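Undergrad: Residue numbers for the sequence shown follow our numbering, so the first one is 48 and each next one is one higher.
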Amino acid sequence: MCGIIGFVGSQQAAPILLNGLKRLEYRGYDSAGIAVIDNGELIIRRSVGKLSQLDALLAEQPVGGTIGIGHTRWATHGRPSEQNAHPHRSGDVVIVHNGIIENYLALKHRLEAQGYRFDSETDTEVIAHLVAAALTRGRTLAQAVREAAQDLQGSYAIAALSVAEPATIVTTRSGCPLVMAHNEQGSFLASDVTPLLAHSRDVVYLEDGEIGILTPERLAVVDEAGQAVDRPLVRIDWDAEAAEKGGYPDFMVKEIHEQPRVIADTLRGRYRYDSGEADLPDLAMTAEELIHARRIWIVACGTSWHAGLVGKYLFEEMIRKPVQVDIGSEFRYREPMIQKDDLFVAISQSGETADTLEAAREAKKHGARVLAIVNVVGSTLAREADGVIYTRCGPEISVASTKAFTGQVIALYLLALHIGRVRGILSAEEGRWWLDQYLMIPSRVEHILKREADLRSIAERFYTKRNFLYLGRGINYPIALEGALKLKEISYIHAEGYAAGEMKHGPIALIDEEMPVVVLAPRDRLYEKTVNNLMEVRARNAPVIALVTEGDQELAHLAEAVFPIPHVHPLLSPVLFAVALQLLAYHIAVLRGLDVDRPRNLAKCVTVE
Ligand code: F6R
48 MCGIIGFVGS QQAAPILLNG LKRLEYRGYD SAGIAVIDNG ELIIRRSVGK LSQLDALLAE
108 QPVGGTIGIG HTRWATHGRP SEQNAHPHRS GDVVIVHNGI IENYLALKHR LEAQGYRFDS
168 ETDTEVIAHL VAAALTRGRT LAQAVREAAQ DLQGSYAIAA LSVAEPATIV TTRSGCPLVM
228 AHNEQGSFLA SDVTPLLAHS RDVVYLEDGE IGILTPERLA VVDEAGQAVD RPLVRIDWDA
288 EAAEKGGYPD FMVKEIHEQP RVIADTLRGR YRYDSGEADL PDLAMTAEEL IHARRIWIVA
348 CGTSWHAGLV GKYLFEEMIR KPVQVDIGSE FRYREPMIQK DDLFVAISQS GETADTLEAA
408 REAKKHGARV LAIVNVVGST LAREADGVIY TRCGPEISVA STKAFTGQVI ALYLLALHIG
468 RVRGILSAEE GRWWLDQYLM IPSRVEHILK READLRSIAE RFYTKRNFLY LGRGINYPIA
528 LEGALKLKEI SYIHAEGYAA GEMKHGPIAL IDEEMPVVVL APRDRLYEKT VNNLMEVRAR
588 NAPVIALVTE GDQELAHLAE AVFPIPHVHP LLSPVLFAVA LQLLAYHIAV LRGLDVDRPR
648 NLAKCVTVE
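1. Leaving out five residues before and five after GLU543 in sequence, what residues of the same chain have Cβ atoms less than 6 Å from its Cβ?
2. Would you mind reading off the limits of the alpha helix (DSSP H) that contains PHE509?
3. Which class does HIS229 belong to by DSSP, given the choice of helix, strand or coil?
4. Looking only at its chain, what residues have a beta carbon closer than 8 Å to the beta carbon of ASP102, apart from the 5 residues adjacent to it on each side?
5. Can you tell me the Cα-Cα spacing of ILE260 and VAL226, whole angstroms?
6. Is ALA122 closer than 8 Å to VAL424 when the C-beta atoms are compared?
7. Output the distance between the C-alpha atoms of ASP270 and LEU605, rounded to the nearest integer angstrom.
8. Which value, in whole angstroms, describes the spacing of the CA atoms of ARG645 and PRO296?
9. Taking the beta carbon of HIS156 as the centre, do at least 16 other beta carbons fall within 10 Å, making it buried, or is it exposed?
10. If you run the structure through DSSP and keep just helix, strand and coil, what is PRO611?
11. Could you give the distance in angstroms between the alpha-carbon of VAL110 and the alpha-carbon of ALA419?
12. Going by DSSP, name the residue or residues bridged to VAL370.
13. Would you check whether the ligand F6R has a heavy atom nearer than 7 Å to the C-beta of GLN396?
14. The ligand F6R heavy atoms versus the CB of SER448: any closer than 7 Å?
15. For my contact list, ILE147 and GLY201 are in at a C-beta cut-off of 8 Å; report their separation, rounded to the angstrom.
16. Would a C-beta distance cut-off of 8 Å place LEU631 and ILE537 closer than the cut-off?
17. Could you compute how far the alpha carbon of ASP599 sits from the alpha carbon of ARG585?
18. Identify the continuous alpha helix (DSSP H) that holds ARG430 and give its terminal residues.
19. Where does the unbroken beta strand (DSSP E) through ASP85 begin, and where does it stop?
20. Just verifying my parser: in three-state terms, what is the DSSP assignment at ASP249?
21. Taking 7 Å as the cut-off, does the CB of VAL435 come closer than this to any heavy atom belonging to the ligand F6R?
22. Helix, strand or coil for HIS552, going by three-state DSSP, please let me know.
23. Any idea if LYS497 is buried or exposed, counting beta-carbon neighbours within 10 angstroms, 16 or more meaning buried?
24. So, with DSSP's three-state summary, where would you put ALA132?
25. Closer than 7 Å: is that where the CB of GLY349 sits relative to any heavy atom of the ligand F6R?
26. The alpha helix (DSSP H) with THR453 in it runs from where to where?
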């Protein structure tokens, strides 16, 4: 996730900016840069890789000046490179930006027609040109940033500098956080409070649409109409470590709570509502290719494989396309009957998982078209694939994958819609209907997160148990697998996920009063069958934890604990069940006193076989 820092005051800016960027390192980044104004000259230093590279560059080519902005970039548009690193310049203006500009292509075409040249592949550069264009119309920097923001669709936090006003930083935001602070040395801004704590504990949070104006003497906030806003100071009591986690005790729970935003970001700008279509420009596959693809293969490992299994149920039901799902390490060592023109979808958070990468290479050798659903821009898988859908999760720091999983499932929803529309299986009206359902998901997830305390209470009742069984059917069978995986990897409790109908073929022998059984029982066409499985469990005295559709009273007296899930179309329910099970596993692990972010024996990225 990108980070922003800015300073104007009586001290040298570069060391303050660099220290601030170091405090933002925890967010993950692939390149970094700063811009300062020194004696009326705008100077930019940028480098790819670790901040130590930027540090070395600044040691070699030092910069002076008491005003500057800095940025750590986590690529979303364009690979990690010096050219794509921020700050971005247009004439005497320089910009740093967090977020995603949805309409950047339209703006880019407009600006190119006006003679602006683009040096990067980023969406950010349009903002620099828009601000520069407004300045040529005689605007102040604050007015120029306000006018530029009126053209932007998407999410952003921006900071801007202009040689024309060498003692002012202007900032604005929409949907991305931006915080400011002031002390006797000057004014500071950042994308979160972490780097500000070294300078002040009293901060000002900018609200969407507001403009922050920072000078050495003061901070000012104006609204969209240019009217002064009196924004109160907020006292921050967190220490730096707590601030990195946004006030949450661990990265895992922070990342679980980021999911409404991740889902909204992964959908953002990727559909055309009027025609009910998905808009996936990096897919690099023609309609013809998608129509002629005989079969879809999905290959991944671990949690990403569970997302792939959700994809199988989704594609087969929603767009009637046969799908074969494989684990990376299995696919690469058997003789898969993959053919030229098949569509091969590799799913990976990191884009570096050895087994998934090798499977994708194998598929390429057979002439399949390889599409990557991946989180890390510029990762090996993203580079080697023919096309990409990036999940826009930001870095996932906790070893156990949570938000990456939901991002992957959302990317599969978009892909299903795209293929469905291209193949004519879905009409424009049906496409719009699905989009309406997709767009509802963030608020439904929010609803679950608000009831975290209920899941914590369930965890309190069962966290000492030694074995758990998770049962699900249909599209929620992969979620039973995922729920069990989350529990085992962070709590070290033995847990198994099973297709509910398969229980009687073996695992039923394990069931007794010591084995909690988590049953996913949405009100779908398989509901009655799932209830029957639940009865079989009850008959053997096992405690049942039932996750049911909101309003379902029937299971209340049959289960030890019930957690209601908001109503959504059954094909979209996996995201909601997954979030609830993430929280259940998280609280069980916390109650057992374990380090949830760094479970034993596990690595975040498995680059070996
Ligand atoms: C589980 C988990 C792993 C990963 C797996 C694949 O919480 O994180 O099972 O899902 O190692 O990793 P990626 O998605 O990076 O290929």
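We put the beta carbon where it would ideally sit given N, CA and C, even for glycine. Nothing here was measured: the structure is a model prediction, and the numbers come from that model.
TA: In short, the structure shows the following:
1. The residue labelled residue 543 in the question sits at position 496 within the sequence shown. Within the same chain, GLU543 has close Cβ partners LEU516 and ALA531.
2. Here residue 509 corresponds to residue number 462 of the sequence shown, with the count starting at 1. For PHE509, the uninterrupted alpha helix (DSSP H) run begins and ends at 499-509, by DSSP.
3. Sequence index remark: in the sequence shown, residue 229 carries index 182 (1-based). Taken through DSSP and simplified to helix, strand or coil, HIS229 comes out as strand.
4. On the sequence shown, residue 102 is found 55 positions in, with the first residue counted as 1. Leaving aside the five residues that flank ASP102 on each side, the residues in its chain whose CB is nearer than 8 Å to its CB run, in chain order, LEU65.
5. Indexing the sequence shown from 1 puts residue 260 at position 213. Indexing the sequence shown from 1 puts residue 226 at position 179. Between ILE260 and VAL226, the C-alpha separation is close to 12 Å.
6. In the sequence shown, residue 424 corresponds to position 377, counting from 1. In the sequence shown, residue 122 corresponds to position 75, counting from 1. In this structure, the beta-carbon distance from VAL424 to ALA122 falls below 8 Å.
7. Here residue 270 is taken as the residue at index 223 of the sequence shown, counted from 1. Here residue 605 is taken as the residue at index 558 of the sequence shown, counted from 1. So the alpha carbons of these two residues sit roughly 55 Å apart.
8. Taking the sequence shown and counting its residues from 1, one reaches residue 645 at position 598. Taking the sequence shown and counting its residues from 1, one reaches residue 296 at position 249. About 13 Å.
9. Taking the first residue of the sequence shown as position 1, residue 156 is located at position 109. The Cβ neighbour count for HIS156, taken over all protein chains shown within 10 Å, is under 16; the residue is labelled exposed.
10. What you label residue 611 is simply residue 564 of the sequence shown in a count that begins at 1. Shown here, PRO611 sits in a strand according to DSSP, grouped into three states.
11. Position 63 of the sequence shown, counting from 1, holds the residue named residue 110. Position 372 of the sequence shown, counting from 1, holds the residue named residue 419. Rounded to whole angstroms, VAL110 to ALA419 spans 41 Å at the Cα level.
12. Stepping through the sequence shown from its first residue, residue 370 is reached at position 323. ILE343, per the DSSP bridge assignment.
13. Here the question's residue 396 lines up with position 349 in the sequence shown. In this structure, the ligand F6R has a non-hydrogen atom nearer than 7 Å to the beta-carbon of GLN396.
14. Along the sequence shown, one-based indexing puts residue 448 at 401. Answer for SER448: yes, Cβ within range of the ligand F6R.
15. The count along the sequence shown starts at 1 and reaches residue 147 at position 100. The count along the sequence shown starts at 1 and reaches residue 201 at position 154. Your pair ILE147 and GLY201 checks out as a contact, with CB atoms roughly 5 Å apart and the cut at 8 Å.
16. What you label residue 631 is simply residue 584 of the sequence shown in a count that begins at 1. What you label residue 537 is simply residue 490 of the sequence shown in a count that begins at 1. Contact: no.
17. In the sequence shown, counting from the first residue as 1, residue 599 sits at position 552. In the sequence shown, counting from the first residue as 1, residue 585 sits at position 538. Whole-angstrom Cα-Cα distance: 18 Å.
18. As a position in the sequence shown, residue 430 is number 383, starting the count at 1. Looking at the DSSP string, the run of the alpha helix (DSSP H) that includes ARG430 is 427-431.
19. The sequence position of residue 85 within the sequence shown is 38, counting from 1. Under the DSSP assignment, ASP85 falls in the beta strand (DSSP E) whose first and last residues are 78-85.
20. Numbered from 1 along the sequence shown, position 202 holds the residue referred to as residue 249. In this structure, ASP249 counts as strand in the three-state DSSP scheme.
21. Here residue 435 refers to the residue found at position 388 of the sequence shown. Taking 7 Å as the cut-off, the C-beta of VAL435 does not count as close to any heavy atom of the ligand F6R.
22. For the purposes of this step, residue 552 is taken as residue 505 along the sequence shown, with counting starting at 1. HIS552 sits in a helix when the DSSP states are folded into three classes.
23. Along the sequence shown, one-based indexing puts residue 497 at 450. Exposed is the call here.
24. Residue 132 sits at position 85 when you count from the first residue of the sequence shown. Here ALA132 sits in coil by DSSP.
25. Here residue 349 refers to the residue found at position 302 of the sequence shown. The ligand F6R approaches GLY349 closely enough that one of its heavy atoms is under 7 Å from the residue's Cβ.
26. Along the sequence shown, read from residue 1 onward, the residue named residue 453 stands at position 406. Unbroken alpha helix (DSSP H) run through THR453: 450-469.
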